[in-house]
Structures are given as C-alpha cells and as structure tokens.
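Protein chains in written order, with the working numbering: chain G, 30 to 502; chain X, 30 to 502.
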C-alpha cells in the first residue's frame with residue numbers, strides 16, 4: 030500500500046469508525062456470533078497472492094462486526110468501563126503510523142521523555158507524593174507480576190543474582206484479600222512463590238480485607254518459620270469495588286518489612302477526584318501502585334500506570350545492558366525497558382497526552398462525578414423496589430444486585446439470577462457480567478462508559494426488572 | 030470529541046501520516062533531539078481545562094516530531110527492521126476505534142477466533158507441523174519468560190501448585206548460547222532460576238552455539254547434582270543473525286527431558302521462505318517457539334507469535350478462572366488470557382490479517398528475498414574493499430563490518446569504529462547501532478526496512494566509507 034492509497038483507505042476507515050461510534054446506541058451490546066461462527070467464515074490458509082483492500086474491508090465489515098461486543102456502547106455494563114475516547118484513538122493512530130519502537134532512548138527520544146512527563150502529570154493529578162515515579166505497562170496483571178518479582182528480590186536481597194529461591198531456608202509468603210483479583214494469584218505463581226505460600230485474607234461485610242486478620246496471619250506465619258514478603262491491597266475490587274484499608278495494611282507491611290503493592294487497576298482512576306482520595310489513605314507508604322487509565326479514564330487499551338517509590342530497585346531487578354542497546358547518552362537518559370518485562374515498547378504516552386489535553390483534568394473529573402451520581406441514583410432505585418437487594422456498599426460505580434422471589438434460595442436462586450442476566454444480555458439492551466459473592470451468583474452493574482447517561486440507566490433498570498419478572502423459574 | 034469532530038481530525042491525521050511516509054527518505058534517520066530537550070518543551074502539569082485539538086496537533090508536529098527516530102526510513106539499519114506496513118496501520122486503527130478488550134471469548138468473539146485462525150495461517154506459512162498452536166503476545170521478551178516459567182513447572186511437576194522452588198532439593202539449570210538475546214537472562218532471573226544456574230554456552234566461529242559444549246555442560250551439571258531444565262536455541266541472534274543448531278540441541282533436550290525454546294524473534298519471519306527452513310531443522314521437537322511479525326514481516330508493533338506443542342500445559346500454568354470472567358460457553362471456546370501473562374488483550378490479530386491479505390504470502394516472500402539479495406550484494410562490496418572486513422557469516426540480512434587502519438587495534442580500533450558510526454548517524458544518511466563481537470566494537474548493518482532498495486544500500490555504503498576515511502583517529 031502506497032502512502033497515496035493509505036490516504037484513501039485511511040479516510041474510509043476513519044469514516045467507518047465515526048459511523049460506528051455515532052450509531053452505537055442503536056446496536057445490541059453483545060456480539061451476535063455463536064462459538065465457532067467467526068472461524069467458520071474465514072479461509073483455512075493465508076492467501077498466496079495479494080488481495081484488494083476492497084475485499085479486506087468488506088470482510089472486516091461482514092465477519093469482524095458479527096464478532097464484536099460493543100465495549101463503547103452506552104449500555105455496556107459488563108466487566109469494567111474501558112473507554113477508548115476518540116482523542117486517544119487519534120493519538121494511537123499517530124503512534125502506529127509513526128511506527129517507532131521504544132527500546133532505547135535514542136530509538137525515539139519522544140517515546141521515553143513524553144512517557145516520563147505523562148507519568149508526572151498523572152502523579153500530580155492523582156495526588157501522589159513526589160517520591161513516586163513510574164512507567165506505562167500493558168496491563169495490571171503484568172504490573173502486579175513485576176511488583177511481586179521486585180518484592181521477592183528485595184526480601185531475599187537479590188536471590189536472582191545468586192541461585193533463586195532454591196537457596197532460601199524460609200518460605201516467602203504473599204497476602205491479599207479473598208476478593209483480590211485473579212491476577213494476584215497468577216503473579217504469585219508465575220513469580221514462583223507457590224500456591225501454598227499465598228494467603229487470602231477474609232473480608233468484612235463490605236468485602237474489604239480485614240486488617241486484624243491479616244495481622245494474625247502474619248504473626249502465625251512468622252511463628253511457623255515463614256518469611257512474610259508482600260501484601261497486595263486492592264482499591265476497588267473487581268466483584269464489588271470494595272476498598273481495602275491501605276493505611277492499616279501499610280502499617281503491618283512496614284512493621285514486617287513487607288512489600289506493599291496497591292492494586293487500583295479500576296478505582297485508581299477515581300483518585301483524580303479529591304473527594305475519593307480517602308479510599309487510598311496511606312498510599313504514600315506503598316512500594317508500588319498500579320492503575321489503568323484504559324479503564325474508566327478513557328485512554329484506549331492498553332495503558333496501565335505502574336508507580337514505584339524506589340525506582341533504583343526496579344531497575345536493578347529488571348535491567349539488562351547488552352552492547353547492541355547501548356549509546357553514548359545512556360547516563361543522561363532513562364531506559365524504560367529496565368522498568369518492566371518487555372524490551373520493545375509502543376509509543377503509548379501519546380494517547381495519554383492527547384486524552385489529558387483534549388479533556389482537561391476538569392473534564393475527566395466531571396465525567397467521573399456523573400458516573401458516581403448515576404451509580405448512587407441506581408442504588409436508591411434498586412433499594413426502593415420490592416424483591417430487589419443491593420448486596421455491597423456502592424462506594425464507586427459498581428452496583429451489585431440480586432432479585433429474590435419468596436421461598437427461593439440456594440441453587441434455585443443462582444439459576445434465576447443467571448437466567449435473568451442472560452435474558453437482559455440476549456435482549457441487546459445491555460451487557461452485564463454476573464459474579465459470585467459469598468458463594469452465590471449476583472449481577473454486577475458496572476457503570477462508567479463515557480456514553481452512559483441517566484436515561485441509559487433507566488432503560489437498563491427497566492430491562493432488568495422485566496427480565497427478572499419474565500424469567501420462568 | 031464527537032464522532033463528527035473525529036471524522037475531521039482523523040482525516041487530518043491520516044494525511045499527516047501519508048505525508049510523513051511519503052517524505053521519509055528526505056529526512057535524517059536519527060531524531061535531532063538532545064537528552065532532556067523534549068521534556069523541556071512540555072508543561073510541568075496536565076491542563077486543568079480542555080484544550081483545542083488544533084493546539085494538540087500543533088504540539089505533536091513540533092515537539093514529538095523532533096523526538097522521533099524514523100524506523101520506517103529506507104536507510105534505517107539499526108537494531109532490526111520493524112516494518113509497520115500501511116495495511117497494518119489501517120487495521121490497528123480499526124482495532125483502537127472499535128475499542129474492545131479481549132479478556133474473554135464473549136467480550137468479542139472475533140478477537141479470539143481471528144487470532145486462532147491467524148496463528149494457524151502463520152503456522153502453515155512458516156512450515157511448522159500441525160502439532161503447534163499458539164497465541165499473539167506483545168514481545169519475545171515476554172514470550173521467553175512464559176516459556177521458562179512453563180519449563181520450570183514441567184520439570185518440577187507443577188511446583189507452583191505447591192511451595193515454589195523452595196521445596197526443590199536440586200537446582201534447575203537453563204542453557205543458552207553466549208550470543209543469546211539479553212531477554213533470556215532477564216526471563217531466567219524473573220522466573221527465579223537465579224543467575225548462578227544460567228549457563229551461557231560458547232559459540233563457534235560463526236557465532237552459533239557449540240552443541241558439543243552444551244552436551245558437556247549438561248553432563249557436568251548432572252554429575253554435580255543439578256537438574257537441567259531448559260535450553261534456548263536462537264535462530265538469528267541479535268548481534269550477527271547466527272543460527273544455533275536446533276536439531277542437535279533438540280536431541281540433547283530430549284535426552285535430558287529439558288524444555289526446548291526456540292527464539293526466532295528476528296529470523297523466524299524468514300521461515301516463510303522454504304529455502305531458509307534449514308535454519309531451524311529440528312524445529313518439530315521444540316516445546317515453544319517465538320517469532321515477531323512486528324520485525325521484518327511488517328505487522329506494526331506489537332505482534333509476537335508464541336507457538337507451543339502442548340497447549341494444555343501452557344493453560345495449566347497460566348490459567349485462572351474467577352467467577353467474573355465465566356460464561357455459559359466456556360467449554361466451547363478458547364480463553365486466550367490463559368495462554369499468557371496479561372488478562373486484557375488488544376485485537377492484534379486484525380493487523381496480521383490485513384497485512385497477510387494485502388501482501389499475500391508471495392508478496393512477503395518477494396520482499397524478504399530482495400533483502401537477502403541486498404545483504405549479499407553489500408557483503409561482496411565490503412569484502413572487495415581494502416581496509417574493510419565482514420566479521421560474521423551473512424546468512425540473513427545482517428552484515429557485520431569493521432574498518433581497520435594499519436597498526437590500529439584494541440581500544441584505538443574500538444574508538445575508531447564508534448567514531449565513524451557516530452559520524453554516519455549524525456549525517457542523517459543512515460542509522461546504525463554498533464555492538465560488541467568477541468569483546469570489540471563493530472557496526473551492524475541490519476537490512477530489511479520495507480522501503481530499502483539497492484540504491485539506498487549504495488548510498489549507505491558510500492556514507493560509511495566516507496565517514497571511516499574522514500574520522501581523524
């Protein structure tokens with residue numbers, strides 16, 4: 030494709046996206062495709078000869094569109110909001126069009142330096158102390174793995190430089206709440222702590238970690254000869270957006286020389302609101318923090334911010350310095366490859382820059398406040414409706430609900446919940462993803478799509494009630 | 030930004046990229062920015078109020094452009110070719126514009142299923158047996174970490190499910206050639222093998238791993254009570270594009286029940302050429318393979334293919350199954366989050382699909398053959414020129430050269446090499462990255478930018494000779 034052909038096809042794709050976004054609200058939220066349907070529409074081998082872009086675009090429209098669930102839809106209330114604001118789409122197009130790879134400073138100075146500045150802009154916007162600096166990673170899962178590897182190496186005084194954990198006389202333990210994200214367990218296993226050394230702490234009635242139980246478990250582990258290594262506090266759990274008590278957990282972490290990682294993947298974005306900062310009081314004592322602007326804030330996926338207090342330690346754990354990556358200015362610049370796992374890096378700071386400037390901090394704050402108000406309004410409606418329960422405190426934008434019929438409990442209640450959620454999703458009006466809470470299914474209504482207005486919530490709440498009534502169980 | 034504003038700004042960005050690509054050859058390859066220059070041009074805080082896109086685009090053109098090294102330039106011969114073909118740029122724009130996150134099949138069936146089909150198209154195009162299946166990852170660094178974690182878990186029969194490596198009586202060893210990429214060491218350390226247990230095998234005169242030394246080291250380790258766990262064979266090393274003997278290494282891996290990971294990050298793309306497949310003879314015995322279509326092949330960064338023989342093992346090591354990610358079709362579909370570290374995933378298969386169709390396998394083959402011929406023509410020219418040496422066999426697209434003046438050796442020779450490379454880079458004509466070979470600096474000429482024609486190589490070779498003459502040393 031020549032630049033001149035690119036001009037023509039590029040304009041068509043821009044228009045396709047504009048059309049798609051303009052008409053999103055009229056579409057069903059969930060993709061219509063059945064398992065295997067997309068695969069069956071595709072040839073079994075790559076074409077030997079070039080094909081026309083006409084053919085490619087036609088298949089994109091026909092095949093791919095059937096397999097797309099509309100995450101940017103005003104009534105997408107599944108998983109978490111993952112806004113891809115259009116200013117960020119423009120920036121990401123620029124990033125791909127430039128086609129640079131940020132593996133060294135010299136490989137494109139703007140990739141490194143704009144990222145440094147964006148991490149600093151965001152640090153200020155989030156109200157974090159200036160002791161923190163950071164880097165953009167792909168996802169919170171990867172950032173949490175990096176955090177636990179760094180914890181392991183700090184506690185063992187750089188076992189990696191010697192024989193790994195083989196040489197350790199005492200087992201290292203990791204703590205997180207029973208409501209922590211699955212990525213914490215995955216990271217602990219990948220970082221070689223072993224499942225037997227991962228402790229999941231019970232939660233209180235609001236699904237937050239019980240710090241006093243954490244204290245007891247640490248004491249019991251120390252008494253049994255274990256070495257407490259790291260604790261993960263969650264600001265905004267996946268299931269209910271519960272808030273672990275960071276300050277109390279930080280005190281325990283300090284007392285036992287443990288690494289404190291704060292997982293604010295979802296709720297971290299809300300820290301641009303001063304009125305929400307009580308949620309991570311004590312954050313200044315964290316060793317590492319992760320939050321995802323690619324969720325609620327609106328930067329197109331992937332853009333996960335990883336902040337640390339001791340950047341030197343991070344670099345010591347992650348750095349390599351082969352000759353083919355060296356340059357004469359290495360002592361004057363940062364090598365962000367040494368701040369994470371991948372060597373090659375996309376120019377992701379660009380989309381954060383475009384979104385922050387096009388929205389302004391005040392613009393982002395106003396949208397998040399709208400969503401918080403919408404969540405509270407929905408909570409009031411649910412509570413006021415007979416047969417309906419709100420199951421967890423609504424501190425952020427997630428409302429957890431269940432519909433109960435008289436005499437219905439246990440597995441019958443589970444079947445009813447899953448059935449009415451499936452009816453809502455099949456209707457196309459909204460997309461909700463259920464989750465287990467205290468061993469029973471419930472529906473999460475995760476508010477925060479950039480396009481979601483009060484009227485959308487009213488429509489979703491009507492659809493939910495109708496589905497629950499209609500469900501035969 | 031509304032869809033209608035997006036239409037207008039989007040068209041401008043498309044035109045900006047088309048102009049940029051059209052005029053690339055007239056630009057200096059290396060960015061003009063000095064350390065700290067980009068940072069100094071940016072405000073110290075995010076704007077409180079929204080700014081106009083006019084202002085953002087003006088700054089993009091002014092500030093970012095100064096900090097961009099032109100990777101798509103016809104005379105970019107640093108690091109490795111990282112082609113971002115324009116069909117792939119269109120596809121990536123579609124991916125970002127759709128704004129979907131592939132964390133479950135239901136979250137967008139096309140993300141999972143198109144990726145499955147693309148991995149299968151590529152498997153065939155690369156001539157890999159049907160026993161392999163795979164997944165798209167971000168970079169080879171991450172894929173190699175996944176491989177070594179999987180190796181660790183196979184050898185220890187899932188120590189992660191128990192107490193990690195603490196419980197192991199014998200230390201696990203990992204082997205790679207002394208020319209292996211720095212990511213192998215990084216992965217071994219992150220995966221907790223410990224530096225003391227990483228063995229770097231000496232290379233032969235062509236900088237390939239000496240399999241007979243590998244055999245000796247394994248035997249010595251076994252005798253000393255170590256447990257050999259994994260070996261990484263490289264197809265196309267970073268420094269000289271050397272080819273480790275995969276078949277011999279595979280025999281040793283099998284004999285000692287070791288994991289064989291083949292790092293074809295760069296040269297793997299060349300396996301679409303049947304005449305190159307001798308380079309990884311024995312590949313059918315690999316446990317895992319990584320290769321990067323985001324390098325030579327032309328898919329915009331990031332797109333790294335990770336193939337495994339035993340997908341069930343990969344999933345067992347990497348899977349988590351929290352309730353909030355389950356759906357009623359889970360037993361009929363693949364969950365690609367269980368094939369790697371991150372949970373959220375971009376729709377990366379789209380850019381592979383667009384590039385394969387727009388180019389056709391034959392089109393990609395023709396371009397790679399052009400580059401191989403260009404490398405050989407340059408090799409002949411260098412060899413025929415007094416004072417110049419080719420330092421390593423030119424099996425692929427990397428030509429390693431040194432200019433020698435009579436009586437000049439040791440550090441004086443190093444200074445001379447680094448000086449003339451710097452002169453070439455400062456001239457703007459080309460960008461080369463030097464590397465150490467047998468402890469002495471040399472220049473790598475890494476051919477394979479999609480825009481590089483024979484005339485570009487002539488110009489670069491002239492600039493190189495002039496710089497070496499001009500250098501005062």
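All C-beta atoms in this analysis are idealised placements derived from N, C-alpha and C, irrespective of residue type, glycine included. A quick note: this is a predicted structure, and the numbers were derived from the prediction, not measured.
query, result
"Hey, quick one: how far does the alpha helix (DSSP H) through residue 382 (chain G) stretch, first residue to last?", "378-412"
"Let me know the secondary structure DSSP gives residue 332 (chain X) once reduced to three states.", "coil"
"Quick one: using the 10 Å Cβ neighbour count with 16 as the cut-off for buried, is residue 286 (chain G) buried or exposed?", "exposed"
"Got a sec: which bits of the region 152-167 of chain G sit with their beta carbon under 7 angstroms from any beta carbon on chain X, in order along the chain?", "153, 154 and 167"
"Go ahead and label residue 463 (chain G) buried or exposed: buried means 16 or more other beta carbons lie within 10 angstroms of its beta carbon, across all protein chains shown.", "buried"
"Can you name, in chain order, every residue of its own chain whose Cβ lies under 7 angstroms from the Cβ of residue 99 (chain G), other than the five neighbours on each side?", "53, 56, 58 and 105"
"Against chain G, which members of the region 360-373 of chain X pass a CB distance test of less than 8 angstroms?", "361, 362, 370, 371, 372 and 373"
"In three-state terms, what does DSSP make of residue 203 (chain X)?", "strand"
"Where does residue 189 (chain X) sit, in a helix, a strand or coil, going by DSSP?", "helix"
"Would residue 252 (chain G) count as contacting chain X if we go by Cβ distances under 8 angstroms?", "no"
"State the start and end residues of the unbroken alpha helix (DSSP H) segment that holds residue 126 (chain X).", "115-127"
"Output needed in chain order: residues of the region 75-98 of chain X with a Cβ under 9 angstroms from some Cβ in chain G.", "75, 76, 77, 78, 79, 80, 81, 82, 84, 85, 86, 88, 89, 92, 93, 94, 95, 96, 97 and 98"
"Could you check if residue 250 (chain G) is buried or exposed, using at least 16 other CB atoms within 10 Å of its CB as the buried criterion?", "buried"
"Ignore the nearest five residues each way along the sequence and tell me which others in residue 340 (chain X)'s own chain have a CB closer than 6 angstroms to its CB.", "162"
"Does the count of Cβ pairs from the region 182-202 of chain G and the region 144-158 of chain G closer than 8 angstroms reach three?", "no"
"Report the three-state DSSP secondary structure of residue 102 (chain X) (helix, strand or coil).", "coil"
"Going by Cα to Cα distance, which pick from X:71, X:125 and X:81 is closest to residue 97 (chain G)?", "X:125"
"Flag residue 292 (chain X) as yes if its beta-carbon sits less than 8 angstroms from any beta-carbon of chain G, otherwise no.", "no"
"Look at the alpha carbon of residue 160 (chain G) and the alpha carbon of residue 209 (chain X), and state the distance between them as a whole number of angstroms.", "37 angstroms"
"Quick check on DSSP: helix, strand or coil for residue 262 (chain G)?", "strand"
"Mind checking residue 307 (chain X): buried by the 16 CB within 10 Å criterion, or exposed?", "exposed"
"Drop a sphere of 10 angstroms on the beta-carbon of residue 264 (chain X), count the other beta-carbons inside from all chains shown, and report buried for 16 or more, exposed for fewer.", "buried"
"Any contact of the region 272-281 of chain G with the region 310-320 of chain G, i.e. 3+ C-beta pairs under 8 angstroms?", "yes"
"By Cβ distance, which residues of its chain are closer than 6 angstroms to residue 337 (chain G), with the 5 residues on each side in sequence left out?", "317 and 343"
"Between residue 176 (chain X) and the rest of its own chain, which residues show a CB-CB distance below 6 angstroms, the 5 nearest in sequence each way excluded?", "290 and 317"
"Given a cut-off of 8 angstroms on the beta-carbon distance, is the pair residue 103 (chain G) and residue 481 (chain G) in contact?", "yes"
"Can you give the Cα-Cα distance for residue 257 (chain G) and residue 184 (chain G), rounded to whole angstroms?", "9 angstroms"
"For chain X, find out if any of its Cβ atoms is closer than 8 angstroms to the Cβ of residue 433 (chain G); answer yes or no.", "no"
"From residue 114 (chain G) to residue 328 (chain G), what distance separates their C-alpha atoms?", "6 angstroms"
"Measure the C-alpha to C-alpha separation of residue 347 (chain X) and residue 192 (chain X) and round it to an integer number of angstroms.", "17 angstroms"
"Please tell me whether residue 116 (chain G) has its Cβ less than 8 angstroms away from any Cβ of chain X.", "yes"
"At which residues does the alpha helix (DSSP H) containing residue 138 (chain X) begin and terminate?", "138-155"
"Start and end of the alpha helix (DSSP H) containing residue 32 (chain X)?", "32-51"
"Can you give the Cα-Cα distance for residue 179 (chain G) and residue 440 (chain X), rounded to whole angstroms?", "37 angstroms"
"First and last residue of the beta strand (DSSP E) that includes residue 290 (chain X)?", "288-292"
"Assign residue 302 (chain G) to one of three DSSP states: helix, strand, or coil.", "coil"
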